[in-house]
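In what follows, a structure is listed as structure tokens, so that the remarks can point back to it.
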Amino acid sequence: MKRMTTSVLVLASMALSAPAFAGGMTAPTPEPTVYTPAPIVPVGADWTGAYAGGTLGYGWGNDALDNADDMTYGLFGGYDYDFGQFVLGGELEYLKSEMEDGTTKLDDMTRLKLRAGYDLGSTLVYGVVGAAYANADIGGTSYSDTGVTYGIGVDYAVTDNVNAGVELLQNDFNEFDNSGSDLSATTLGARVSFRF
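Using mature numbering (1 follows the signal peptide of the UniProt record, and there is no 0), the letters of the sequence shown map in sequence onto residues -22 to -1, 1 to 174.
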């Protein structure tokens, strides 16, 4: 009988301890916490879209406009497309001029420009090439002709919709409207524009 009691006790203790071996009586281990970093969002402006603004600057001339320098001011509008780090766009600008010497006065220029630049985030550095149409008075006679314009510029995104910048352009007109004179002018303008 003693042998039977011992056998029953051994079997009972094995039955009670079996769940502990199977893991049923122990507390579950929590899963480790996995942290996923937030996606990196590029800082800067998206230069895609239409814009319009005004410019105020200074110009100085050469050739028929030698020793002529004075204020310039005007309006412009255009469209840019941001390809990531490369920006391409076009712009139309009307520029009024006070540049004159004793015999020659540059009245105004209309410039059609192609802009290609590098996106540095909130700053856009670009080059310009295009055509310029100018009206000038040389020796008391009015002339108008088409020439080339080229140069560099930089825009800074002050806000999502407001840009401020500077543009330096050279404008060359060979044999200006058969007047017998070449005409060239360099313009430096501070620009403010609104993007929409």
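For glycine and all other residues, C-beta sits at the position ideal for the given N, C-alpha and C.
For clarity, every value in this text was computed on a predicted model and none was experimentally measured.
Item	Value
Sufficient close CB pairs (3 or more, under 8 Å) joining the segment 91 to 102 to the segment 112 to 121	no
Own chain, CB closer than 8 Å to Phe(-2), minus 5 neighbours either side, in chain order	Legend: pLDDT at Phe(-2) = 49, less than 50; position of this residue unreliable, value from coordinates given subsequently. Excluding residues within five positions, none has a Cβ falling inside 8 Å.
In DSSP terms, what Gln63 is bridged to	Beta-bridge pairing links Gln63 to no other residue.
Cβ-Cβ distance between Thr165 and Leu73 below 8 Å	yes
Neighbourhood of Thr50 by C-beta, 8 Å cutoff - its chain only, sequence neighbours within 5 removed	Thr33, Leu34, Gly35, Tyr36, Gly37, Leu73, Lys74, Ser75, Glu76, Met77, Thr165, Gly167
Where Phe174 falls: helix, strand or coil (DSSP)	coil
Which listed residue (Val170, Asp155, Trp25, Thr81) has its alpha carbon closest to that of Gly99	Trp25
Asn45 (DSSP reduced to helix, strand or coil)	coil
Same chain, Cβ closer than 6 Å to Arg173, five either side skipped, listed in chain order	Gly27, Tyr29, Asn139
Ala112 vs Gly129 beta-carbon contact at 8 Å	no
Buried versus exposed, by CB contacts within 10 Å (16 or more), Asn45	exposed
Bridge-paired residues (DSSP) for Leu146	Ile130, Leu166
Through-space distance from Asp97 to Val144, alpha-carbon basis	16 Å
Strand pairing of Ser122, partner residues [DSSP]	Asn113
Sub-8 Å separation of Arg169 and Ala142 beta-carbons	yes
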